[in-house]
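Below is one structure; the comments refer to it alone.
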Amino acid sequence: MRRAGLIKPLLRIHNNISQVWRQNYATQVDKNSPECALDPKEYVDFKRQLRQINLPHKDGHTCLQLECRLCERNNQPAQQRGTVTGLLAYVNKRTGAFICPNCDVKTSLSTALPAYLIPSPESYKRPSQRQPTFESRFPDLIDVTPEACEALGIKGLKEAQLNAIGAKWEPQQQILHFQLRNAAHHVVGEKVLHLGSRSEETFQDGSSSGILIHGVGNKSKAVIVSNLMDFIVLATQNLETHCIVCLPYEVKMLPQECLPGLERFKELVFWLHYDSNHSWDAARSFAQKMDERRCLLIRPTETEPAPHIALRKRLNLRHILAKATPVRHRSITTFGAMRNDILSELQNIEKVNGVKWKRFPVLNKLLKGHRRGELTILTGPTGSGKTTFMSEYSLDLAMQGVSTLWGSFEIRNTRLAATLLRQYVGYPLDDRLQEFNHWASEFERLPLYFMTFHGQQPLKPVLEAIEHASYVHDVMHVIIDNLQFMMGVSTYRGDKFWEQDAIIAAFRGFATKHNVHVTLVMHPRKERQEDELTTSSVFGTAKATQEADNVLIIQDKRLTSVRGKKYLQIAKNRYCGDLGIMPLEFDKEALSYSTQIQSAKKRREQKEKTATET
Ligand SMILES: Nc1ncnc2c1ncn2[C@@H]1O[C@H](COP(=O)(O)OP(=O)(O)OP(=O)(O)O)[C@@H](O)[C@H]1O
Ligand code: FES
């Protein structure tokens, strides 16, 4: 893994998004080529060029599928009109990324276009021809033994069945091993199940991301599961109708490189296992990515749990599969169609309530949790600590797997990342530089992304960058600090309030459409020190309050009732209506408002004091 480059962002992914972390288990991005955002004109031009040279191509669910001309390995150009033959490449229809799984190439559409011009321009440099070669980090794999099969604890399962679905056994480390393949069937990674802890790990190479598929190539339907236990249970059932697909990173994320491998399926059934941090609407986001129209969902209810739990409960797996219903609701629906959604929400109420903060128990009590698809507005007087608080609030969620995109227009990303790091560590590192590498490497693993915009920005490019990140990196929480930086630069005509309302409405629509939580930091309209801020004094119009699901106000009331204290007021809470306040005690060393962190620190100091006294 590369070392943390907190001072300068590590990778430039989208033109306007940088990443300060890289998962230790994933390699998603070709470091030499910036990830692309689709330019519709470029896409149309590219398709026109394909027609001009009579190159057959297929408009698939998520990708344009065509013969790869990037390198010379395709020595049998397509002769048959209408069918795509030869080695295939894929153009993602949302991002425009040109992916060739045969040579592990990922590039932009504009870089791929010259290869389809006849004759190719002289300046065109073909990429080197290399087949992906993946070297396993487990050299001592053997066939699955009866003992390993028994340790797995699936009743009636025989080792021959495990061997038949491609499992291998590593006796020293006690792990079951599976290969991950890309759309060209090359092995590009591996996924292992530790039998002791039941935990899973994924290792991948290059710019590719593979998936695990079981079933013969001519099936047009697949069941998608999120972990190896579920995969093993379903793959050994010998379903005649469906292939079984295991996602590489559970419900955490789905790299776009996986999509070509799923193009051939006309129907995808999501039968996922959800953990405490990922509620079942994760499936909805994945379905959007895979083209909702072909996706069905098994809602997690007690009678329809994840496959391995269903098997343990002796439920009929085939019956559950038959009950899958379309993800997409038509514009008009009936109670009957929503019945299972509602039952599932009631049975999983804790998950529906959202991700809980570890540092702010009062927020859990009032807001219940952090949910996708909502709009939160945070405001407070100038310098009251909005950025500092939002930084800790988002860090807490990111540490629990909520992948987060920061749009910090006011302060530079390096300063913001330094604040986040200090809050993560609990003290400043300026006089402990020897610890920097250790903390930075840990911090780097958090799913945090930063937009590289700075200063005034029109709304459009910002929304485009967010849309891109939500698709490519499965971002669940977006923070805009602050909204005023988007005002006065767009083409909106009309007054300031009208402009502000239009921007808030655009973010509201975005949060709902993409099922992403958007938090907007805003300056209040009016700030008289002696007045309490109220929702109307903050926003000037009622629109902001109507659009927001949550309104949080930092009240800095040193002269009135709560003497000398700051507190966070929950002034609107659409989800459950509970309003209230959370005191904000500030620890300057840790830049933290969390009473949990502060009492842990006091306990630690007390313990150290007692130890030195005795
Ligand atoms: N409760 C507090 N007590 C003392 N200092 C604080 C407190 N909260 C934040 N600070 C410090 O005040 C400074 C300003 O904080 P911050 O930038 O988060 O405020 P802000 O509300 O976002 O500011 P602006 O209105 O300019 O956007 C920071 O240096 C921060 O460390
Ligand atoms: S076959 Fe596509 S780059 Fe080689």
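First residue of the sequence shown? That's 1 in full-length UniProt numbering, and the numbers climb one at a time after it. Glycine included, each C-beta is placed from N, C-alpha and C at the ideal position. Computed from a prediction, not measured in an experiment: that's the story for all the values here.
- T376 has its alpha-carbon roughly 7 Å from the corresponding atom of L552.
- A Cβ-Cβ separation of about 6 Å places G373 in contact with A511 under the 8 Å criterion.
- Boundaries for T404: no alpha helix (DSSP H) harbours it, while the beta strand (DSSP E) harbouring it runs 404-408, taken from the DSSP string.
- In this structure, L296 keeps its C-beta atom at 9 Å or more from the C-beta atom of R422.
- Between the alpha carbons of E135 and D143 lies a gap of roughly 18 Å.
- The continuous stretches of beta strand (DSSP E) do not include W357, and DSSP gives it neither H nor E.
- Secondary structure of H477 (DSSP, three-state): strand.
- Per DSSP, reduced to three states, the secondary structure at V44 is helical.
- The distance from the Cβ of A97 to that of K106 is about 6 Å, consistent with a contact at the 8 Å cut-off.
- Rounded to whole angstroms, the separation of the alpha carbons of C63 and K601 is 52 Å.
- Close CB contacts of E589 within its chain, under the 6 Å cut and outside five residues either way in sequence, are with Y427 (chain order).
- Proximity to A322 across H214, A283, E410, L239 peaks at L239, based on C-alpha coordinates.
- Counted as a single uninterrupted DSSP element, the stretch harbouring F586 is not any beta strand (DSSP E), since DSSP gives it neither H nor E.
- If you draw a straight line from the Cα of L141 to the Cα of E170, it is about 5 Å long.
- Cβ-Cβ distances below 6 Å link R314 to nothing in the same chain once the five nearest sequence neighbours on each side are left out.
- Considered as a whole, the region 202-259 harbours 228-235 as its complete alpha helix (DSSP H) runs of no fewer than 4 residues, in chain order.
- In the displayed model, F265 falls within coil according to three-state DSSP, outside both helix and strand.
- The region 472-486 makes contact with the region 517-526; the number of CB pairs closer than 8 Å reaches 3 or more.
- Burial is judged here by how many other beta carbons sit within 10 angstroms of a residue's own beta carbon; I570 has at least 16 and is buried.
- About 7 Å separates the beta carbon of Y575 from that of R371, a gap short enough to meet the 8 Å contact definition.
- Under the DSSP definition of a beta bridge, N163 lacks any partner.
- In this structure, C246 has its beta carbon at no less than 8 Å from each heavy atom of ligand 2.
- Put simply, of N182, S197, N102 the residue whose alpha carbon is nearest the alpha carbon of I213 is N182.
- When the Cα atoms are used, S220 and E392 turn out to be separated by approximately 46 Å.
- Residue burial is scored here from C-beta neighbours: E585 has fewer than 16 other C-beta atoms within 10 angstroms and is therefore classed as exposed.
- Between Q596 and R359, the CB-CB gap stays under 9 Å.
- For ligand 1, a non-hydrogen atom lies closer than 8 Å to the CB of K588.
- Exclusion of the five residues before and after V362 leaves M582 as the residues of its chain whose Cβ lies within less than 7 Å of its Cβ.
- When C-beta atoms of the region 239-250 are compared with those of the region 188-206, three or more pairs fall below 8 Å, so the two segments count as touching.
- By a beta-carbon distance limit of 8 Å, H454 contacts F409. Their separation comes to about 6 Å.
- Pairing T236 with L228, the inter-Cα distance amounts to about 12 Å.
- Residue side-chain check: V105 places its Cβ nearer than 8 Å to a non-hydrogen atom of ligand 2.
- Between ligand 1 and P381, a heavy atom-to-CB distance of less than 8 Å is present.
- By the 16-neighbour rule on beta-carbons within 10 angstroms, T95 is buried.
- The region 498-506 makes no contact with the region 442-456: fewer than 3 CB pairs, one atom from each, lie closer than 8 Å.
- Taking C-beta atoms as the reference points, H186 and P132 count as a pair closer than 9 Å.
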